[in-house]
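A.B. asks:
2 protein chains.
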Amino acid sequence: MPSPTLISLDAMGGDHGPSVVVPGIRDYIKRHGDSGVRFLLHGDEAAIRAQIARCHIADGVCEVRHTDKVVAMDEKPAQAMRRGKGSSLWNAIEAVKTGEAQGVVSAGNTGALMAISKLLLRMSAHGLERPAIVASWPTLKGVTAVLDVGANVESDAEQLVEFAIMGEAFHQAVHGVAKPTVGILNVGSEEMKGHEAVREAAAILRDGGLGLSYHGFVEGDDIAKGTVDVVVTDGFTGNIALKTAEGVARFISALLKEALTSSLPAQAGALLAMPALKRMRQKIDPSAINGGPLLGLNGIVVKSHGGADAKGYGNAIRIAVDLARSDYLTKVGANLERLTAVLEQPASPVTGEATESAQ
Amino acid sequence: MPSPTLISLDAMGGDHGPSVVVPGIRDYIKRHGDSGVRFLLHGDEAAIRAQIARCHIADGVCEVRHTDKVVAMDEKPAQAMRRGKGSSLWNAIEAVKTGEAQGVVSAGNTGALMAISKLLLRMSAHGLERPAIVASWPTLKGVTAVLDVGANVESDAEQLVEFAIMGEAFHQAVHGVAKPTVGILNVGSEEMKGHEAVREAAAILRDGGLGLSYHGFVEGDDIAKGTVDVVVTDGFTGNIALKTAEGVARFISALLKEALTSSLPAQAGALLAMPALKRMRQKIDPSAINGGPLLGLNGIVVKSHGGADAKGYGNAIRIAVDLARSDYLTKVGANLERLTAVLEQPASPVTGEATESAQ
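In the order they appear, the protein sequences are chains X and G.
Letter by letter, the first sequence follows residues -3 to 355 in our numbering.
Letter by letter, the second sequence follows residues -3 to 355 in our numbering.
(1) Grab me the residues of X:G303's own chain with a C-beta within less than 6 Å of its C-beta, minus the 5 sequence neighbours each way, in chain order.
(2) Taking the alpha-carbon of X:A141 as reference, which of X:M119, X:S132, X:D281, X:I296 has the nearest alpha-carbon?
(3) When DSSP labels each residue in this structure, what does X:V170 get in the three-state scheme?
(4) Go ahead and pull the three-state DSSP assignment for X:S344.
(5) Any residues in the region 174 to 189 of chain G with a beta carbon nearer than 7 Å to a beta carbon of chain A? Which ones, in chain order?
(6) When DSSP builds the beta bridges, which residues end up paired with X:D6?
(7) Could you check if X:G172 is buried or exposed, using at least 16 other CB atoms within 10 Å of its CB as the buried criterion?
(8) Pull up the distance between the alpha-carbon of X:A237 and that of G:D40, whole angstroms please.
(9) Kindly indicate which residue of G:H191, G:N182, G:S151, G:G265 has the alpha-carbon position closest to the one of X:A269.
(10) What is the rounded straight-line gap between the Cα of X:L181 and the Cα of X:T135?
(11) Return helix, strand or coil for X:G295, following the three-state DSSP convention.
(12) Check whether the Cβ of G:M276 lies closer than 8 Å to any Cβ atom in chain X.
(13) X:G99 and X:L332: beta carbons closer than 8 Å?
(14) With 8 Å as the limit, tell me which residues of the region 216 to 236 of chain X have their beta carbon closer than that to any beta carbon of chain G; keep them in chain order.
(15) Mind pulling the chain X residues with CB within less than 9 Å of G:L252?
(16) Using the Cα positions of X:I219 and G:A241, report the straight-line distance between them to the nearest angstrom.
(17) Which value, in whole angstroms, describes the spacing of the CA atoms of G:N148 and G:T229?
(18) Could you list which residues in chain X have their beta carbon closer than 9 Å to that of G:V130, in chain order?
(19) Can you give me, in chain order, the residues of the region 254 to 270 of chain G that have a beta carbon less than 8 Å from any beta carbon in chain X?
(20) To be precise: take each residue of the region 127 to 154 of chain X, compare its Cβ to all Cβ atoms of chain G, and keep it if any distance is under 9 Å. Which residues remain?
(21) X:I25 and X:V101: beta carbons closer than 8 Å?
(22) Tell me which residues share the same chain as X:V67 and place their Cβ nearer than 7 Å to its Cβ, disregarding the 5 neighbours each side in the sequence.
(23) Taking X:H62 as part of the beta strand (DSSP E), name the residues at either end of that continuous run.
(24) Any chance you could list the beta strand (DSSP E) runs of at least 3 consecutive residues sitting entirely within the region 190 to 277 of chain X, in chain order?
(25) Any beta carbon of chain X sitting closer than 8 Å to that of G:G10?
(26) List the residues of chain X that G:K72 touches, going by C-beta distances under 8 Å, in chain order.
(27) For G:K114, count the other beta carbons within 10 Å of its own beta carbon; 16 or more makes it buried, fewer makes it exposed. Which is it?
(28) Between X:L293 and X:P127, is the Cβ-Cβ spacing less than 8 Å?
(29) Which class does G:E352 belong to by DSSP, given the choice of helix, strand or coil?
(30) Would X:K137 and X:G222 be called neighbours here (beta carbons separated by less than 8 Å)?
(31) Would X:H38 and X:A7 be called neighbours here (beta carbons separated by less than 8 Å)?
(32) Considering only residues of the same chain and omitting the five flanking positions on each side of X:R321, which have a CB-CB separation below 7 Å?
(33) When DSSP labels each residue in this structure, what does X:I313 get in the three-state scheme?
(34) List the residues of chain G whose Cβ lies closer than 7 Å to the Cβ of X:K279, in chain order.
(35) Can you tell me whether X:G179 is helix, strand or coil according to DSSP?
(36) Given that G:A245 touches chain X, what residues does it touch there, using C-beta distances under 8 Å?
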């Protein structure tokens, strides 16, 4: 019998702490029938035990490590690094560092999670200032991974290629696509479009022998079309694209709600169409895509949304388990080494200065 | 009696040429009851006359200037500049340069329109490489102007402030808002967020004494919320945000269509709700927001979408007329001069190097 996968959980993180984390475990096990996973829960033992008592399915698979200390949701990352030692967040990550657990999930303070993960696990992607965040973006063809959506505000060609390497391996591990396609987000699909960083990254992905299935440049509307499996962009553009999309989705949803309550016939129509509209809603259900991995670290770290429900938390667990059971880390490590070799070639297309001039 | 406003039109531009341009004139006059406007149509006289014969309302307000020459939709800007002299596009812009017309509308080749406009009219915003394009973005509160959405791929602090100056004056002239609010698009609303260019631009807008109603940083989801009247961003991010939003809108629309045809009850419901859904559609009707002004030139130039219908073209005419009748050009000129003075101060917050390091 293979040894079970052990996932470390920051049970105090997020808006709801153990009252979502433990039901999240139950949701994950029920949904995936997974009997080969165990959990290490860090936080207030009494509060966690009270939740486990209400979720029998979680009873046999959880080990609790007590700590009183919690990183607050609004604590600054620098402060959390100085004072966070011994907190549920810190201890949850440390279990991955020591090799006890194969992955960690936290719904806590994102900045603190990134800072402490970087401190304890160290970056494997040396071009990055901090871990990259992946968004799972619902599309007409399924889900596209978009990264970075927030951490690295300015990204040169090397960083963009690192995103491509990590995004590809992530998509493969979590969505089971044998050879995910990768595109770089740009203002046009022609080769001469965009600034230096995207053009240099494109040259490396095309000619660098990294073996990725590079599609070329994609535009903003290609994301929702599902043109490629992985969309690579700098953290500034990615963050703005993601939040702009969320804003548009909320705007249309508000207009739709207004329309469907604006008259009696519209209300009657909405009632008739309700089951179909509910099925549609499931396709863009945030909890079905919750769980943003922090990529570029020597270890599996998954961020759950602070306000996620049990189903959403269960999905974040699924992502951590899928990554932990895959060859994600070794594959990324090998490709990052290959990238270093490409960048060190004297005739490298990359000058190391990137993000300068433009077309 | 005041002399009429004269708008110059590239009658051959766009996918449909005079068969949309002339009905567009009719649509504009009918919709706005404007008796104080005249049009100068450049292009194939016979084709234009044939359309005017079918639009009686346009008959008395149009003057036709014949030319056989047309800039093709796929012609490269450099080629169009070299060989475009005497074309309908060139002549339409030239009428603004000579002062005969107060504005020009074209649905033709965007690259050629930008290049020839810049050549003939020259830039008034000296920090810009090329004119900025404004998108009129439907929001929960009305319409927000977002710029630049495509022309200037890398924008330093000076360019961002120029966008703010022009966007504010544009919004005032076209939407009649006395004091439009301006925000800079960023990855967070706190002052230390983002890269050097956005933070320097924010400092100038806050402390530079330009007199704009500066709101601060806004995030991607603030666009559709209508948090501010004018959203300023570099052309790379703006273009990607706009196309991403279009992609999301199309994605949701496709899901909705699928849902409302998925079962008999859903189809019956859709039928009942149809009038309400149609009213909703009007709020995000592309032709109601068609017409993207090219800002930063010594003259009024408005780009209509190549595939726009008569209603859309009529809206592009409205934007040109509103800008031509306002003090847009003098106001922008005065504010750009003020900006030059701010940038020349020895203690200026702007180093002139911008877009370097980051947080």
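No residue lacks a Cβ here, since even glycine has one placed at the ideal position from N, Cα and C.
C.D. replies: To lay it out plainly:
(1) By 1-based counting over the first sequence, the position of residue 303 of chain X is 307. Only D11 meet the Cβ criterion.
(2) Numbered from 1 along the first sequence, position 145 holds the residue referred to as residue 141 of chain X. With distances taken between Cα atoms, X:A141 lies closest to X:S132.
(3) Position 174 of the first sequence, counting from 1, holds the residue named residue 170 of chain X. Reduced to three states, the DSSP call for X:V170 is helix.
(4) As a working mapping, residue 344 of chain X is identified with position 348 in the first sequence. Bear in mind that the predicted position of X:S344 carries a pLDDT of just 49, short of 50, making it unreliable; the figure below should be weighed with that in mind. Note: X:S344 maps to coil in three-state DSSP.
(5) Absence of chain A from the displayed structure is noted, the protein chains being X and G.
(6) In the first sequence, counting from the first residue as 1, residue 6 of chain X sits at position 10. X:H38, X:S102.
(7) For the purposes of this step, residue 172 of chain X is taken as the residue at position 176 of the first sequence. X:G172 comes out exposed.
(8) Taking the first residue of the first sequence as 1, we reach residue 237 of chain X at position 241. Taking the first residue of the second sequence as 1, we reach residue 40 of chain G at position 44. The straight-line gap from Cα to Cα measures roughly 43 Å.
(9) Mapped onto the first sequence, residue 269 of chain X falls at position 273. Answer by Cα proximity: G:G265.
(10) Along the first sequence, one-based indexing puts residue 181 of chain X at 185. Along the first sequence, one-based indexing puts residue 135 of chain X at 139. Each residue's alpha carbon lies about 16 Å from the other.
(11) Residue mapping note: residue 295 of chain X aligns to position 299 of the first sequence, counting from 1. In the structure shown, X:G295 sits in coil (DSSP, three-state: anything other than H, G, I, E or B).
(12) What you label residue 276 of chain G is simply residue 280 of the second sequence in a count that begins at 1. It does; some Cβ of chain X falls within 8 Å.
(13) In the first sequence, residue 99 of chain X corresponds to position 103, counting from 1. In the first sequence, residue 332 of chain X corresponds to position 336, counting from 1. No, Cβ-Cβ distance for X:G99 and X:L332 is not below 8 Å.
(14) G216, D217, D218, I219, A220, K221, T229, G231, F232, T233, N235, I236
(15) Counting from 1 along the second sequence, the entry for residue 252 of chain G is found at position 256. Annotation: Cβ neighbours of G:L252 in chain X (cutoff 9 Å, chain order): I248, L252, L273, M276.
(16) Numbered from 1 along the first sequence, position 223 holds the residue referred to as residue 219 of chain X. Numbered from 1 along the second sequence, position 245 holds the residue referred to as residue 241 of chain G. One C-alpha to the other measures close to 10 Å.
(17) Here residue 148 of chain G refers to the residue found at position 152 when the second sequence is read from its first residue. Here residue 229 of chain G refers to the residue found at position 233 when the second sequence is read from its first residue. G:N148 and G:T229 have their C-alpha atoms some 10 Å from each other.
(18) Residue 130 of chain G sits at position 134 when you count from the first residue of the second sequence. Result: empty, since nearest Cβ-Cβ is about 16 Å, beyond 9 Å.
(19) E254, A255, L256, S258, S259, P261, A262, A264, G265, A266, L267, L268, A269, M270
(20) P134, T135, L136, G146, N148, V149, E150
(21) The residue labelled residue 25 of chain X in the question sits at position 29 within the first sequence. The residue labelled residue 101 of chain X in the question sits at position 105 within the first sequence. In this structure, X:V101 does not lie closer than 8 Å to X:I25 by Cβ.
(22) What you label residue 67 of chain X is simply residue 71 of the first sequence in a count that begins at 1. Hits under 7 Å: A76, G80, S83, L85, G104, N105, A108.
(23) In the first sequence, counting from the first residue as 1, residue 62 of chain X sits at position 66. Segment 58 to 62, the beta strand (DSSP E) holding X:H62.
(24) 209 to 214, 226 to 228
(25) For the purposes of this step, residue 10 of chain G is identified with residue 14 of the second sequence, where counting begins at 1. No, G:G10 lies away from the interface with chain X (no Cβ there is under 8 Å from its Cβ).
(26) The residue labelled residue 72 of chain G in the question sits at position 76 within the second sequence. Within 8 Å Cβ-Cβ: nothing; G:K72 doesn't reach chain X, min ~11 Å.
(27) For the purposes of this step, residue 114 of chain G is taken as residue 118 along the second sequence, with counting starting at 1. By the 10 Å Cβ count, G:K114 comes out buried.
(28) In the first sequence, the residue the question calls residue 293 of chain X occupies position 297. In the first sequence, the residue the question calls residue 127 of chain X occupies position 131. Yes, Cβ-Cβ distance for X:L293 and X:P127 is below 8 Å.
(29) Residue mapping note: residue 352 of chain G aligns to position 356 of the second sequence, counting from 1. Any reading at G:E352 must be qualified, since the residue scores a pLDDT of 36, below 50, and its modelled position is unreliable; the value itself is stated next. Three-state DSSP puts G:E352 in coil, outside helix and strand.
(30) Stepping through the first sequence from its first residue, residue 137 of chain X is reached at position 141. Stepping through the first sequence from its first residue, residue 222 of chain X is reached at position 226. Going by C-beta atoms, X:K137 is nearer than 8 Å to X:G222.
(31) Indexing the first sequence from 1 puts residue 38 of chain X at position 42. Indexing the first sequence from 1 puts residue 7 of chain X at position 11. Yes, they are a contact pair.
(32) On the first sequence, residue 321 of chain X is found 325 positions in, with the first residue counted as 1. Sequence-distant partners of X:R321 (beyond 5 residues in either direction) whose C-beta falls short of 7 Å from its own C-beta, in its chain, are T1.
(33) Taking the first residue of the first sequence as position 1, residue 313 of chain X is located at position 317. In the structure shown, X:I313 sits in a helix (DSSP, three-state: H, G or I).
(34) Numbered from 1 along the first sequence, position 283 holds the residue referred to as residue 279 of chain X. Within 7 Å Cβ-Cβ: L251.
(35) Counting from 1 along the first sequence, the entry for residue 179 of chain X is found at position 183. Here X:G179 sits in strand by DSSP.
(36) One-based indexing of the second sequence puts residue 245 of chain G at position 249. Near G:A245 (Cβ distances below 8 Å), the residues of chain X are V244, I248.
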